[in-house]
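**Student:** The sequence shown begins at 245 in the working numbering and counts up one residue at a time. Beta carbons are placed, not taken as given, at the ideal position from N, Cα and C, and that holds for glycine. Note that the coordinates shown come from a computational prediction; the quantities given were computed from them, not determined experimentally. Would you mind keeping the following structure in view while I ask a few things?
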Amino acid sequence: MKKKQVALFGGAFDPPHKGHSQVATVVTQDFIDEVWFVPVFKHPWAAKYGKEVMAPYEDRKAMLELILGKNQKIAEYKEVGYTYPTLQYFEEKYPDTHFSWIMGSEYISRFDAFLEGHPQLANYTFYMYPRKGYPLDNLFPNMVGLFGMTEVAVSSTLVRDTVLSGADLDAFVEPAVLEYIHEHALYTQTR
């Protein structure tokens with residue numbers, strides 16, 4: 245029996261934006277059976293990258309539910325969100341599924357560090373989407389570049405900053421996510 249092909253898309257999703265939706269749609273259309281969004285419960289680099297103050301997990305998960313497309317779902321992993329342990333967890337829980345990972349091109353230059361800590365990651369496929377300022381160059385052998393995809397220029401940081409400034413968010417987030425942000429007064433204070 246052929247294993248189901250699932251790409252895990254881990255991230256803070258603080259908040260989820262149109263770039264996240266775009267990536268998941270491209271991967272499900274062109275490469276695999278399903279994308280499972282894995283919102284980070286405990287961010288591994290919280291202090292280093294200023295993510296110690298994220299919107300509550302339940303809010304980020306609820307916003308993700310608002311953007312799910314065909315063959316997409318949310319998968320929970322309530323541990324520190326390191327890539328390899330997350331992959332291991334889902335492989336053990338779903339042995340009839342083959343897992344891969346989705347990440348942005350900003351990680352290509354740092355992928356050696358991932359492999360140093362967990363050389364087993366070389367056995368997984370990584371779908372790399374283009375991020376502004378980070379070309380899809382120097383891919384590792386286990387990476388698939390999403391070359392035909394428009395560069396993802398929006399970031400969750402940009403969305404949060406735009407909420408604070410009061411500027412228009414329509415280009416960045418789905419209307420339902422924008423409504424959720426306003427209804428729950430998310431991102432209204434400087435972090």
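Along the chain, where does the alpha helix (DSSP H) that runs through residue 387 open and close?
**Tutor:** No alpha helix (DSSP H) holds residue 387; the beta strand (DSSP E) holding it covers 387-389.
**Student:** Comparing alpha-carbon positions, which option in 321, 252, 350, 267 lies nearest residue 286?
**Tutor:** That would be 321, whose Cα lies nearest to the Cα of residue 286.
**Student:** As an exercise, report each continuous alpha helix (DSSP H) stretch of at least 4 residues that is fully enclosed by the stretch 329-399, in chain order.
**Tutor:** Counting only runs of 4 or more, we get 355-361.
**Student:** Shorter than 7 Å from the beta carbon of residue 325 to some beta carbon of chain C?
**Tutor:** Among the chains of the structure shown, chain C does not appear; only one protein chain is present.
**Student:** Any idea which residues DSSP pairs residue 252 with across the strands?
**Tutor:** Residue 252 is bridged to 280, 345.
**Student:** In terms of alpha-carbon separation, which member of 431, 375, 398 lies closest to residue 415?
**Tutor:** Closest option to residue 415, Cα to Cα, is 398.
**Student:** Report the residue from 371, 393, 392 whose alpha carbon sits nearest the alpha carbon of residue 386.
**Tutor:** When only C-alpha atoms are compared, the closest one is 371.
**Student:** Quick one: Cα of residue 364 to Cα of residue 328, how far?
**Tutor:** Whole-angstrom Cα-Cα distance: 8 Å.
**Student:** By how many angstroms is the C-alpha of residue 278 removed from the C-alpha of residue 366?
**Tutor:** Answer to the nearest angstrom: the Cα atoms are 21 Å apart.
**Student:** State the DSSP-derived secondary structure class of residue 311, mapped to helix, strand or coil.
**Tutor:** DSSP places residue 311 in coil when its eight states are reduced to three.
**Student:** According to DSSP, simplified to helix, strand and coil, what is residue 286?
**Tutor:** Correct three-state label for residue 286: strand.
**Student:** Where does residue 316 fall in DSSP's three states?
**Tutor:** Correct three-state label for residue 316: strand.
**Student:** With 16 as the cutoff for other CB atoms within 10 Å, does residue 377 come out buried or exposed?
**Tutor:** Per the 10 Å Cβ criterion, exposed.
**Student:** Quick one: what does DSSP say residue 324 is sitting in, helix, strand or coil?
**Tutor:** Looking at residue 324 - three-state DSSP - the assignment turns out to be strand.
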